[in-house]
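Participant: Chains as they are written, first to last, in our numbering: chain A, 1 to 129; chain B, 1001 to 1131.
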């Protein structure tokens, strides 16, 4: 049956191009869930370090593999994104920057600052050894 | 029935009032987020500035009382924040009262378990170094 209703349709997720604001909003959720899962890795490292050198050697081997670095770098980026966008959310909560003009500026700013913090952290990491 | 009451007719009939905790989840989510701003920066840059990612460096770092304290704080606040956040996601996407409640309880139990396991590990590393 052909669609002949001339009235505007509500945004359909599969064909509607999400504006940056919406994209950042869902990314905040996705990174939040991902980071929650990522904390398992942190607890694993702590348990291994508490268990002894042999256990920690496994953690170290996984982390110094290329896939380990890939996961760690993605984790850092996700963490800093959630960090920056979370600050943006808290500023909204106290009524700052909730207008359309401000959100269009703070959205890209969140991405840039998250990227800068990620690069900075990894520069420190590689400089330290 | 007084006309100046803010309670809905349905609320009155069911006899269920406010649990006096409506804003608690919201506030604690933000409070833990606020605490995580300095803790996250400390955690990331401490790990990044470690000379090597080996057993000796990692345990030496956590054998300082300040690092151990901040690490325990990071673990506890992170899991509290995570459980609150994942709870909201479950409430939004999991339909069915039983499954939703079961998922939320499971997430809270797992988060509590991981928070305690992480804390005990940090204490063990801290004390292990003194012996």
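Ideal placement from N, C-alpha and C gives every residue a C-beta, glycine not left out.
Using a Cβ cut-off of 8 Å, pull out every chain B residue sitting near residue 43 of chain A, in sequence order please.
Facilitator: Per Cβ cutoff of 8 Å: 1075, 1114, 1117, 1118, 1121.
Participant: For residue 1125 of chain B, go through chain A and note every residue whose CB falls closer than 9 Å to its CB, in chain order.
Facilitator: Neighbours of residue 1125 of chain B on chain A, chain order: 46, 49, 50.
Participant: Quick check on residue 1033 of chain B - is its C-beta less than 7 Å from some C-beta in chain A?
Facilitator: By this cut-off, residue 1033 of chain B is an interface position.
Participant: Going straight from the alpha carbon of residue 128 of chain A to that of residue 46 of chain A, what length do you get?
Facilitator: Distance between the alpha carbons of residue 128 of chain A and residue 46 of chain A: 21 Å.
Participant: To the nearest whole angstrom, what separates the beta carbons of residue 1114 of chain B and residue 110 of chain A, a pair I think is in contact under 8 Å?
Facilitator: Between residue 110 of chain A and residue 1114 of chain B the Cβ distance is about 28 Å, and since that is not below 8 Å, they are no contact.
Participant: So the candidates are B/1121, B/1083, B/1112, B/1109; which of them puts its Cα closest to the Cα of residue 1033 of chain B?
Facilitator: Nearest C-alpha to residue 1033 of chain B: B/1083.
Participant: Going straight from the alpha carbon of residue 1097 of chain B to that of residue 1014 of chain B, what length do you get?
Facilitator: Between residue 1097 of chain B and residue 1014 of chain B, the C-alpha separation is close to 18 Å.
Participant: Does the distance from the C-beta atom of residue 1056 of chain B to that of residue 125 of chain A stay below 7 Å?
Facilitator: No; because the gap between Cβ atoms is not below 7 Å, this pair is not in contact.
Participant: Between which residues of its own chain and residue 1001 of chain B is the CB-CB distance below 6 Å, once the five residues before and five after are set aside?
Facilitator: Note that residue 1001 of chain B scores a pLDDT of 49, beneath 50, so its modelled location is shaky; the value from the coordinates is reported in the next line. Correct list: empty, nothing qualifies.
Participant: Rounded to whole angstroms, what is the Cα-Cα separation between residue 37 of chain A and residue 1075 of chain B?
Facilitator: Whole-angstrom Cα-Cα distance: 13 Å.
Participant: Alpha carbon to alpha carbon, how far is residue 1117 of chain B from residue 20 of chain A? Give it in angstroms, no decimals.
Facilitator: Each residue's alpha carbon lies about 39 Å from the other.
Participant: Start and end of the alpha helix (DSSP H) containing residue 29 of chain A?
Facilitator: 20-51 is the span of the alpha helix (DSSP H), which, as asked, contains residue 29 of chain A.
Participant: Applying the 10 Å Cβ sphere with the 16-neighbour rule, what's the burial state of residue 114 of chain A?
Facilitator: So residue 114 of chain A ends up on the buried side.
Participant: From the beta carbon of residue 1109 of chain B, is the nearest beta carbon of chain A less than 7 Å away?
Facilitator: For residue 1109 of chain B, the answer is no, since every Cβ of chain A falls outside 7 Å of its Cβ.
Participant: Near residue 1104 of chain B, which residues of its chain fall below 8 Å by C-beta distance, leaving aside the five closest residues on each side in sequence?
Facilitator: Once the five neighbours on either side are set aside, the close Cβ partners of residue 1104 of chain B are 1087, 1090, 1091.
Participant: What did DSSP end up calling residue 82 of chain A once you bin it into helix, strand or coil?
Facilitator: Residue 82 of chain A: helix per DSSP, three-state reduction.
Participant: Between residue 75 of chain A and chain B, is the shortest Cβ-Cβ distance under 7 Å, so that the two count as touching?
Facilitator: No, no contact with chain B.
Participant: What three-state label does DSSP hand residue 1092 of chain B in the structure shown?
Facilitator: Of the three classes helix, strand and coil, the one that applies to residue 1092 of chain B here is helix, per DSSP.
Participant: Return the CA-CA distance between residue 64 of chain A and residue 82 of chain A, expressed in angstroms with no decimal places.
Facilitator: C-alpha separation (whole angstroms): 25 Å.
Participant: Any beta-carbon of chain B closer than 7 Å to the one on residue 10 of chain A?
Facilitator: By this cut-off, residue 10 of chain A is not an interface position.
Participant: Taking DSSP as the reference, what is the three-state secondary structure of residue 1055 of chain B?
Facilitator: DSSP places residue 1055 of chain B in helix when its eight states are reduced to three.
Participant: In this structure, how does DSSP classify residue 129 of chain A when only helix, strand and coil are distinguished?
Facilitator: DSSP places residue 129 of chain A in coil when its eight states are reduced to three.
Participant: Which same chain residues, not among the five before or five after residue 1061 of chain B, have their C-beta less than 7 Å away from its C-beta?
Facilitator: Same-chain partners within the cutoff: 1046, 1050, 1067.
Participant: Between the stretch 1018-1032 of chain B and the stretch 95-112 of chain A, are three or more C-beta pairs nearer than 8 Å?
Facilitator: Because the criterion of three Cβ pairs below 8 Å is not met, the stretch 1018-1032 of chain B and the stretch 95-112 of chain A do not touch.
Participant: Determine the burial state of residue 80 of chain A: buried for a count of at least 16 other Cβ atoms within 10 Å of its Cβ, exposed for fewer.
Facilitator: Under this definition residue 80 of chain A is a buried residue.
Participant: How should residue 4 of chain A be labelled, buried or exposed, when 16 other C-beta atoms within 10 angstroms of its C-beta is the threshold for buried?
Facilitator: With fewer than 16 other Cβ atoms within 10 Å, it is exposed.
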